[in-house]
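Residue numbers (our numbering): 152 to 448.
All C-beta atoms in this analysis are idealised placements derived from N, C-alpha and C, irrespective of residue type, glycine included.
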Amino acid sequence: LLMVLFSKKLVKVSFNIDFILIKQLLKEAIPIAIASVFTVVYFKIDVLMLSFLRGDAEVGFYSAAYRLTDALVFLPSAFTTSTFPLMSKYFKDSFDSFSFAYARTFKYLFAAGLLIAVLVTFASEKIILTFYGPEYQKSVIALQILIWATAITFISVLISSTCVSSGNQQIISKTAILAAFLNVILNLILIPSTGYAGAAVATVLSVLGSMMFGLFWVHKNLLHESPLKGAISPIIGAVVISLLMILLRSYIDILFLSVVSVPVFAAVLYITGWIDSDDKNIFLNLFPTAHFNSKRF
């Protein structure tokens, strides 16, 4: 209500029925509505099937880990929400700017998702014990698996935002249907024999399948470039910090190692040339004081 009242100060508000506009809005909104329905199915069906096939105890272990990973999805959602208006404008006005904005967003989300997944994988036991206590020890394996679904979701959110900003909403409905279908089939195969760990694997594989479908569609039909561009350096960084964790976790607290791994990961990105002049300019524009200090020194 406050938004409506405030909008009257910016534009003249009037009420009338425009059937052409209604038809256009429905045409654009229906694919998103379909995607939303199948996304709800995808997010809920694993718990429901786990309950029927294995019982409430395993649902508890699975849900405990799921809640922790689900809380991280707001990060890519917030990032893509802030870039969505620019992406929509650039798609209409400048394809080069659209491609640049997508490439930068992909770089940052891929690196962030991969870093978080690696850190949580190694610190999962500490995280579960801190939030839930020793009685949820069995949730550790679920968290170690599900965090990779979250990392994949970082890119899935970008794909959805890119499709909507370019007027290709039908693609996100297809990816949502694919994810739900894969999740049901994989849960039927994996849950009876492997329980909640199988449900976690099914989640990762279904998210991966739908993400790959959307990713290759975007790069084939919109960008016409390799989807692996910008991904190699973060993978190298992930390998480096993984080795660091494996070698030192017996001697150093895992949470301290996780903190140390962040600048190590960033250093690998810088050394391999992943951080270029455009990234530096973006950083300086976001943090003007850093630009001021760099001039002083």
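Query raised in the report: Between which two residues does the alpha helix (DSSP H) containing Y213 stretch?
Result: Y213: member of the alpha helix (DSSP H) spanning D207 to D221, first to last residue.
Query raised in the report: Relative to the alpha-carbon of E209, which residue among K240, R255, A348 and T304 has its alpha-carbon at the smallest distance?
Result: A348
Query raised in the report: Where does A382 fall in DSSP's three states?
Result: coil
Query raised in the report: If you draw a straight line from the alpha carbon of N436 to that of A389, how long is it in whole angstroms?
Result: 28 Å
**Report entry** Rounded separation between L176 and A254 - CA only
**Finding:** 29 Å
Query raised in the report: With burial defined as no fewer than 16 other Cβ atoms inside 10 Å of the residue's Cβ, what is the status of D247: buried or exposed?
Result: exposed
Requested in this report: Mark Q320 as exposed unless 16 or more other C-beta atoms lie within 10 angstroms of its C-beta, in which case mark it buried.
Outcome: buried
Query raised in the report: With 16 other CB atoms within 10 Å as the buried threshold, where does A229 fall?
Result: Under a 10 Å Cβ-count criterion, A229 is classified as exposed, with fewer than 16 other Cβ atoms of the shown protein chains found around its own Cβ.
Requested in this report: Please confirm whether L408 and L395 have their CB atoms less than 8 Å apart.
Outcome: yes
Report task. Note down, in chain order, each residue of its chain lying with its Cβ closer than 6 Å to the Cβ of S312, except the 5 sequence neighbours on either side. Result -> T231 and F235
Requested in this report: On a CA-only basis, which of A353, I426 and V391 is nearest T270? Give me that one, please.
Outcome: In the sequence as displayed, the identity of residue 270 is Leu instead of Thr. Nearest option by C-alpha distance: V391.
Query raised in the report: If you run the structure through DSSP and keep just helix, strand and coil, what is Q321?
Result: Under the three-state reduction of DSSP output, Q321 falls in the helix class.
Query raised in the report: Between the beta-carbon of T326 and the beta-carbon of G365, is there less than 8 Å?
Result: yes
Report task. Taking S324 and I196 to be in contact with their CB atoms under 8 Å, please state how far apart those CB atoms are, rounded to whole angstroms. Result -> Going by Cβ atoms, the distance from S324 to I196 rounds to 17 Å, so no, they are not a contact pair.
Query raised in the report: Buried or exposed: where does N334 fall if 16 or more other Cβ atoms within 10 Å of its Cβ makes it buried?
Result: buried
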